[in-house]
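Chains as they are written, first to last, in the numbering used here: chain A, 1 to 392; chain B, 1 to 59.
Glycine residues also receive a C-beta, built at the ideal position from the N, C-alpha and C atoms.
Data first, discussion second: the structure below is written as structure tokens.
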Ligand SMILES: Cc1cc2nc3c(=O)[nH]c(=O)nc-3n(C[C@H](O)[C@H](O)[C@H](O)COP(=O)(O)OP(=O)(O)OC[C@H]3O[C@@H](n4cnc5c(N)ncnc54)[C@H](O)[C@@H]3O)c2cc1C
Ligand code: SF4
Ligand code: SF4
């Protein structure tokens, strides 16, 4: 590890690897620092991503893909279920252990230096500019310098807080999550199943994402208000006992999903936050892989521009924020408004929506039609739904 | 005072995300609460998916 780089990236998730890859491709020196002993492990994720969303960055490799998803089944509180086939889009359930690892290898092969066992504990700040990081590398304290630091350190973003950015998430916007990767569960191989309602997962949903061969990610996210009264584990265990008493749970994983609106200003002089660190998760689905990759990629491009212009000011880096909002941040704000309405629906209302959608011809049913039905109480949101789901 | 109940913690950092004074430190396989900074708001207790944290003040 050198003492100086053009760019330092903190965090080896999809956001960090994309950022480092992009900077390395542009020919600048960059190091990627990951606190854990492994890139891509533990996997704190349901591993679902849209095919098109993934293809905008890379051609998927077979080894990344556990299963191909062609539709979803939504299950209402009274267990009325509605099947929706994806018309154009297909989805994947990934093997993120392999996928995240490969992304960091792409970055490394382009010239990025990747270090694991590197816990970043603080920032070097001089004259109001972030100038590098303080870390424990293999347990030894060290300081390294750069004109740009990219904080891709996930939901709790130490980096953001050290820079004075408000990263705390309100309880109602925070999902408390738990997932079992379970074997001996007989589920359809190409359908994601999602359960909603206060009995299944208040303020969130419970998912079954199949990974083939009677194996699946079965997880839950409930909002912080609900988890005050009963833990995510209690809900998920009840579900498992009722539905899969013979499942073998091979992995248990906890995780939080921040689902507020995107941060308005995830930047400081010499710093950009990307992915979960900047609250760039789809607030309705909790999907954050593609937004992390996109924001990581954009941050890497803007970092290269900043180096070329020798301008690391917050003002210059605001280009990053503008592009993120244009490409998906504005949509996330719309999705947040939709989420607010959906989370207020009672179980009876959710059951009613399921029955209504079931009446739509299966060939004409789409996620867009579900959301349009779901926001009936706030017709002003129909336009938001149309904007978001135009392509579906 | 917040007590870390046993060794079940999964080091997922969900609790840090809601902690107002940012007084929880999670590393690869350790969790520490900086007691002097803790304001006993209990949010970390509520968010933990597997109930690792407990408020042990007498109320
Ligand atoms: C239960 C659950 C299910 C989910 N399911 C899905 C899903 O199905 N589909 C989807 O798209 N998204 C899902 N998500 C969200 C998705 O996992 C995240 O949005 C995505 O991983 C964000 O990528 P990232 O690169 O921003 O951060 P992360 O992937 O969280 O990576 C951050 C990295 O930074 C490291 N790090 C943190 N602090 C430091 C430090 N101080 N020094 C050095 N390194 C540090 C961490 O160890 C970690 O490796 C889910 C999340 C959870 C919790
Ligand atoms: S939320 Fe619970 S499991 Fe996660 S780090 Fe905090 S105490 Fe550990
Ligand atoms: S009780 Fe509140 S202040 Fe104390 S550690 Fe938990 S979240 Fe932080």
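- At a cut-off of 9 Å between beta-carbon atoms, residue 2 of chain B makes no contact with chain A.
- Out of A/261, A/153, A/383, A/203, the CA that lies nearest to the CA of residue 9 of chain A is found in A/153.
- The residue from A/276, A/206, A/247, A/309 with its alpha-carbon nearest to that of residue 185 of chain A is A/247.
- Bounds of any alpha helix (DSSP H) do not take in residue 85 of chain A; it lies within the beta strand (DSSP E) bounded by 81 to 85.
- At least 9 Å separates the CB of residue 133 of chain A from every CB of chain B.
- With the rule of 3 Cβ pairs closer than 8 Å, the segment 179 to 195 of chain A counts as touching the segment 62 to 73 of chain A.
- Between residue 293 of chain A and residue 91 of chain A, the alpha-carbon positions lie close to 16 Å from each other.
- Residue ranges of uninterrupted beta strand (DSSP E) with 3 or more members are absent from the segment 313 to 389 of chain A; none lies entirely inside it.
- In the DSSP annotation of this structure, the continuous segment of the alpha helix (DSSP H) that includes residue 298 of chain A starts and ends at 289 to 309.
- Annotation: the continuous beta strand (DSSP E) that includes residue 248 of chain A extends over 248 to 258.
- The contact set of residue 280 of chain A on chain B, defined by CB atoms closer than 7 Å, is empty, because the minimum CB distance reaches about 14 Å.
- Pairing residue 4 of chain A with residue 220 of chain A, the inter-Cα distance amounts to about 42 Å.
- Under DSSP, the beta-bridge partners assigned to residue 194 of chain A are A/74, A/207.
- Each residue's CA atom was taken as its position, placing residue 53 of chain B and residue 26 of chain B some 13 Å apart.
- Across the structure, residue 99 of chain A and residue 288 of chain A are spaced so that their CA atoms are roughly 15 Å apart.
- If you look at residue 17 of chain B, you'll find it in the alpha helix (DSSP H) that goes 14 to 18.
- Nearest to residue 182 of chain A by C-alpha distance, out of A/46, A/14, A/217, A/351, is A/217.
- At least one beta carbon of chain B lies nearer than 9 Å to the beta carbon of residue 155 of chain A.
- Boundaries of the beta strand (DSSP E) harbouring residue 31 of chain B: 30 to 33, taken from the DSSP string.
- Rounded to the nearest whole angstrom, the C-alpha separation of residue 351 of chain A and residue 45 of chain A is 28 Å.
- Among the residues of the segment 217 to 233 of chain A, those with a Cβ less than 7 Å away from any Cβ of chain B are 224, 227, 228, 231, 232, 233, in the order of the chain.
- Contact between the segment 101 to 113 of chain A and the segment 131 to 141 of chain A is not established, with fewer than three Cβ pairs separated by less than 8 Å.
- Judged by DSSP in its simplified three-state form, residue 265 of chain A adopts coil rather than helix or strand.
- Taking 9 Å as the cut-off, the beta carbon of residue 33 of chain A is found no closer than this to the beta carbon of residue 17 of chain A.
- Restricting attention to A/301, A/331, A/173, the CA atom closest to the CA of residue 384 of chain A is found in A/331.
- Residue 303 of chain A is positioned such that its CB atom lies no closer than 9 Å to that of residue 85 of chain A.
- In this structure, residue 173 of chain A lies near residue 283 of chain A, with their beta-carbon atoms less than 9 Å apart.
- Where residue 105 of chain A is concerned, the enclosing alpha helix (DSSP H) starts and stops at 96 to 109.
- Linking residue 24 of chain B to residue 139 of chain A through their CA atoms gives a straight-line distance of about 19 Å.
- The beta carbon of residue 119 of chain A sits closer than 8 Å to at least one heavy atom of ligand 1.
- Rounded to whole angstroms, the gap between the alpha carbons of residue 114 of chain A and residue 382 of chain A is 45 Å.
- Sixteen is the threshold: when 16 or more other Cβ atoms of the shown chains lie within 10 Å of the Cβ of residue 374 of chain A, as they do, the residue is buried.
- For residue 42 of chain A, the closest Cβ of chain B is nearer than 9 Å.
- Within the segment 27 to 51 of chain B, contact with chain A at the beta-carbon level (separation under 8 Å) is assigned to 27, 28, 43, 46, 47, 48, 49, 50, 51.
- Per the Cβ contact rule, the segment 340 to 356 of chain A is not in contact with the segment 314 to 329 of chain A (fewer than 3 Cβ pairs under 8 Å).
- A distance below 6 Å between beta-carbons, with the five flanking residues on each side excluded, links residue 19 of chain B to the following residues of its chain, in chain order: 44.
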